[in-house]
Each structure stands twice: as structure tokens, then as C-alpha cells.
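Worksheet for the structure shown next.
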Amino acid sequence: MKKIAVLITCLLAQWSWAAESPILGVGVVVNDIPSALPAYQQTLGIQQWKYMDVNVEAGAIRIARARFKGKHFDLLQPLYGKSKVADFLEERGPGIFHVQVSPEYLQGKEANQLPVFERATADNSHLKSRNAYQQKWLDSYAQLGVYLSTAKRAPAEDLFWGVVNTKALENAPPLDNARLAQIGIIVASADNTAKAWKTLLGLGPWVFVDFKPPMTSNGQYLGAVGKAYSEVHVAYGQWFDLQIELLQPVAGPTPHRDYLRKHGDGAHHFSLGRLPEHDQLQAHLMSAGFQLQMQSDNGGEGRTATYIASEQELGWVLEFTKAFKGLGTLKIVKQLP
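Quick look at the structure:
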């Protein structure tokens with residue numbers, strides 16, 4: 293019961309996790325790294341990226357790494373040959389590929405028994421110690437909606453063959469209170485996927501909330517004001533400092549339904565959390581040429597959640613909400629301890 297209370301506290305107040313997190317960063321597959329960098333600067337304010345090339349069994353991948361609020365963002369671009377990154381890009385297009393955790397965190401967990409579907413070593417022939425950097429990906433996508441990745445050690449500075457520093461923007465995005473707060477994963481069954489997270493990683497408890505009228509209101513999707521009934525069944529789990537949101541479309545036209553029909557289960561968005569500067573960030577992004585994908589009030593008037601249509605530019609949808617407290621009129625419908 294204590295864990296349930298802690299999770300509800302996180303859900304109500306977006307409580308920041310105090311313990312050191314084993315979640316190191318995330319990986320996103322893109323078509324072309326240089327083309328993606330301006331969008332990351334406009335949305336996340338990232339100016340510096342470090343480039344590294346890694347070899348896989350039958351090809352190579354280029355990685356651009358940056359830091360954002362204590363986590364690293366890796367942009368993954370297939371270079372040549374065969375790789376799971378290339379397969380992902382061909383089958384699904386740009387998208388969220390992995391969450392990287394420390395190897396120590398996986399020790400003793402069921403997830404550590406998952407097959408390794410790809411291994412990478414740094415293209416480091418100029419170093420005395422070959423294989424100084426080793427990364428692997430676990431085949432967790434079908435169960436979790438995202439791949440898990442670990443690395444033998446952090447890449448040494450001399451493994452990065454170049455650094456890109458983009459010119460500072462005249463108007464930087466207002467991100468004082470932003471962080472990588474949540475990953476939103478669209479699934480056919482929130483219940484089954486929550487159970488998989490619990491089995492593989494011991495993640496729990498989970499609480500479930502149904503987003504539907506009249507608790508949701510003032511909805512718009514792709515610029516159209518919502519008239520049809522829509523419902524999404526959502527599970528929330530707190531994974532150290534990253535909230536896991538599992539979204540199961542139930543009825544009506546929603547981005548979740550459209551994503552599931554096009555791609556199947558998979559990671560749809562990252563959320564920057566509940567922001568006092570919500571309106572300023574939205575205005576900044578609109579002036580930079582981005583469009584709203586979806587916006588609605590959840591649990592009462594003014595409890596606004598915003599999706600930015602940024603899949604083509606970032607490889608994922610950007611979410612942020614107003615700095616409301618509690619669930620409002622939304623109700624927890626069940627729990628998974």
C-alpha cells in the first residue's frame with residue numbers, strides 16, 4: 293500500500309525522484325542527423341552534439357549525443373549495411389528506439405535474460421584498447437513498447453570524432469522547469485503491457501485512469517474541434533525519475549488510435565512535465581513553425597495537455613502540460629500492485 297501511495301503522490305504532484313536514477317538516456321532513430329539538429333535546438337534548446345560511429349555485425353551506425361536536463365539524447369542514423377536501426381527506420385520511420393540503463397540495474401531482473409538482438413562496438417581503431425566502448429540492445433520491444441539498451445562503460449571523449457555547436461537562438465525555448473519527465477507508449481493493452489514491465493523489470497505499482505468525457509473537454513486534434521466520443525485507457529508507473537505512461541486507445545479519433553493502427557505498439561512521445569511556462573513554450577513553438585497535434589483539458593477546465601506535431605522533425609511527439617495539481621475530476625479506476 294505504501295508504494296501505491298507513493299505512485300499516486302507522483303501522479304498528483306509530479307514528484308521528483310530523489311534517488312540516483314539508473315536511467316541514463318534515450319535513443320531516437322532519425323533519417324539524417326544534421327537535418328534533425330535545428331528542431332532539437334528549437335524545442336529542447338540543445339546546442340552541442342558529439343558524433344561517434346559504432347560498428348554492428350553487418351553495418352555501422354552514427355550516433356550524435358547531447359545532454360538534456362541530466363539525461364543524454366542519442367540520435368541514431370544508419371550509415372551502411374544491415375542493422376536493427378536501419379530495419380526500424382525502414383519499417384516504422386523515425387521514432388523512439390531505446391531507453392538506456394546502467395548494466396548494474398538489470399542484474400537479477402528478468403529483462404536481463406532477454407535475447408540480445410544487436411551489439412555495437414566503437415569505431416576506435418585509433419585507440420590502443422579496441423572494444424573500449426560496447427553497447428547492446430535487448431529484444432524488449434514486443435513486451436515493453438521500447439528497446440532496452442546498456443553499455444559496458446560511458447564512451448571516452450576520444451571516441452567522439454567531432455563536435456557540433458549550433459548558433460544560439462535569438463529566442464530560446466522557455467525550459468526552466470522542463471525535464472525528461474515521461475515516456476508515452478501506445479499499446480493495444482495497457483493492462484498486459486503493465487504486467488510485462490512488472491515481470492521484466494519489477495516495475496510497480498501501476499494505477500489506471502480512463503480519459504473520456506465529461507472528465508476530458510475542449511479537445512482538438514489536428515486543428516479539428518472534437519465532436520466524436522473518444523476514450524483512452526491509461527496506465528501509469530513511476531520508473532525512478534521517469535514516468536511510464538501506457539496509452540490504450542478505446543474509442544474515437546485520437547493520435548493514439550492513429551499511431552496504433554499505423555505502427556502497432558511503440559513509444560509515441562516524451563513529456564517535459566507540468567510547466568508554469570506552458571503558454572510561453574507553446575507560443576515559442578508555434579512561432580518556430582510547429583503545429584499542434586492535439587490539445588485537451590483533462591480533469592477540468594484549464595488542466596491543459598498539449599501535443600506538438602514534431603514526429604518528422606524530432607522522431608517523436610513533444611508533450612507538455614500546464615502546471616496543474618492532482619487529477620481533478622479524473623479517477624483512478626484500478627491498481628496493479
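According to my numbering, the sequence shown holds residues 293 to 629 in order.
Glycine included, C-beta positions come from ideal geometry on N, C-alpha and C.
### Message
Please give me, in chain order, every unbroken run of the beta strand (DSSP E) with length at least 3 that falls completely inside the region 487-535.
### Response
498-503, 508-513 and 523-531
#### Entry: Proximity winner among E349, D589 and P568, relative to D468 (alpha-carbon distances)
The residue you call residue 468 lines up with position 176 of the sequence shown. Ranking the options by Cα distance to D468, first place goes to P568.
### Query
Which term fits E383, buried or exposed, when burial requires 16 or more other beta carbons within 10 angstroms of its beta carbon?
Translated into the one-based positions of the sequence shown, residue 383 becomes position 91. When all chains shown are included, E383 counts as exposed.
### Query
Can you round the beta-carbon distance between Y439 and H364 to whole angstroms, since I take them to be within the 8 Å contact cut?
For the purposes of this step, residue 439 is taken as residue 147 along the sequence shown, with counting starting at 1. For the purposes of this step, residue 364 is taken as residue 72 along the sequence shown, with counting starting at 1. With 8 Å as the limit, Y439 and H364 do not qualify as a contact, their Cβ atoms being about 16 Å apart.
### Task
Report the rounded CA-to-CA distance for Q435 versus D379, giving the unit in angstroms.
For the purposes of this step, residue 435 is taken as residue 143 along the sequence shown, with counting starting at 1. For the purposes of this step, residue 379 is taken as residue 87 along the sequence shown, with counting starting at 1. For Q435 and D379, the distance between alpha carbons rounds to 18 Å.
### Query
Over what stretch of residues does the alpha helix (DSSP H) that includes I477 continue unbroken?
Residue 477 sits at position 185 when you count from the first residue of the sequence shown. Run containing I477: none in the alpha helix (DSSP H); it sits in the beta strand (DSSP E), Q474 to I478.
#### Entry: Residues near L329 by beta carbon distance below 7 Å, same chain, minus five either side
Here residue 329 corresponds to residue number 37 of the sequence shown, with the count starting at 1. Excluding sequence neighbours, L329 sits near W341, V456 and T458.
### Query
CB-CB under 7 Å to A305, same chain, minus the five flanking residues each way: which ones, in chain order?
For the purposes of this step, residue 305 is taken as the residue at position 13 of the sequence shown. Interpretation of A305 is limited by its pLDDT of 47, a score under 50 that renders its predicted location unreliable; the figure taken from the coordinates is listed afterwards. Closer than 7 Å at the Cβ level, and outside the excluded window around A305, lie K617.
#### Entry: Beta carbon of A403 nearer than 8 Å to that of L539
One-based indexing of the sequence shown puts residue 403 at position 111. One-based indexing of the sequence shown puts residue 539 at position 247. Their beta carbons are not under 8 Å apart, which means A403 does not touch L539 by this criterion.
### Environment of S579 [buried if 16+ CB atoms lie within 10 Å]
Counted from its first residue, the sequence shown places residue 579 at position 287. It counts as exposed.
### Message
Given this structure, state the Cα-to-Cα distance separating Y551 from I478, to the nearest angstrom.
### Response
Indexing the sequence shown from 1 puts residue 551 at position 259. Indexing the sequence shown from 1 puts residue 478 at position 186. For Y551 and I478, the distance between alpha carbons rounds to 7 Å.
### Task
Give a yes or no on whether the C-beta atoms belonging to V320 and R411 are separated by under 8 Å.
As a working note, residue 320 is residue 28 in the sequence shown. As a working note, residue 411 is residue 119 in the sequence shown. Contact: no.
### Message
My assumption, with CB atoms under 8 Å, is that V393 sits in contact with P447. Please give the rounded CB distance.
### Response
Here the question's residue 393 lines up with position 101 in the sequence shown. Here the question's residue 447 lines up with position 155 in the sequence shown. Wrong, their Cβ atoms sit about 16 Å apart, outside the cutoff.
### Residue span of the alpha helix (DSSP H) that contains V438, given as start and end
Position 146 of the sequence shown, counting from 1, holds the residue named residue 438. Note, V438: premise wrong, no alpha helix (DSSP H); not H, not E.
#### Entry: Residue interval of the alpha helix (DSSP H) (run including R549)
One-based indexing of the sequence shown puts residue 549 at position 257. Per DSSP, R549 belongs to the alpha helix (DSSP H) from P547 to H555.
### Task
Use the C-beta contact count for K623: other C-beta atoms within 10 angstroms, 16 or more gives buried, fewer gives exposed.
Working through the sequence shown from its first residue, we reach residue 623 at position 331. Exposed, because fewer than 16 other Cβ atoms sit within 10 Å of the Cβ of K623.
### Task
Report, in whole angstroms, the separation of the C-beta atoms of L534 and L472, which I expect to be a contact under 8 Å.
As a position in the sequence shown, residue 534 is number 242, starting the count at 1. As a position in the sequence shown, residue 472 is number 180, starting the count at 1. Yes, L534 and L472 are in contact; Cβ-Cβ is about 7 Å, under 8 Å.
### Query
Do P370 and I353 have their CB atoms nearer than 8 Å?
For the purposes of this step, residue 370 is taken as residue 78 along the sequence shown, with counting starting at 1. For the purposes of this step, residue 353 is taken as residue 61 along the sequence shown, with counting starting at 1. Cβ atoms of P370 and I353: closer than 8 Å.
### Message
So L346 and A414 are supposed to be a Cβ contact under 8 Å. How far apart are they, rounded?
### Response
Residue numbering aside, residue 346 sits at position 54 when the sequence shown is read from its first letter. Residue numbering aside, residue 414 sits at position 122 when the sequence shown is read from its first letter. The question names Leu, but residue 346 in the sequence shown is Val. Confirmed, about 6 Å.
#### Entry: Euclidean distance between Cα positions of Q512 and K554
For this step, residue 512 is matched to residue 220 along the sequence shown. For this step, residue 554 is matched to residue 262 along the sequence shown. Each residue's alpha carbon lies about 20 Å from the other.
### Query
Would A634 pass as a contact of V526 if the rule is Cβ separation under 8 Å?
Only positions 293 to 629 of the chain appear in the structure, and residue 634 is not among them; the question remains open.
### Query
Does the beta-carbon distance from L336 to I355 come in below 8 Å?
Position 44 of the sequence shown, counted from the start, is the residue given in the question as residue 336. Position 63 of the sequence shown, counted from the start, is the residue given in the question as residue 355. No.
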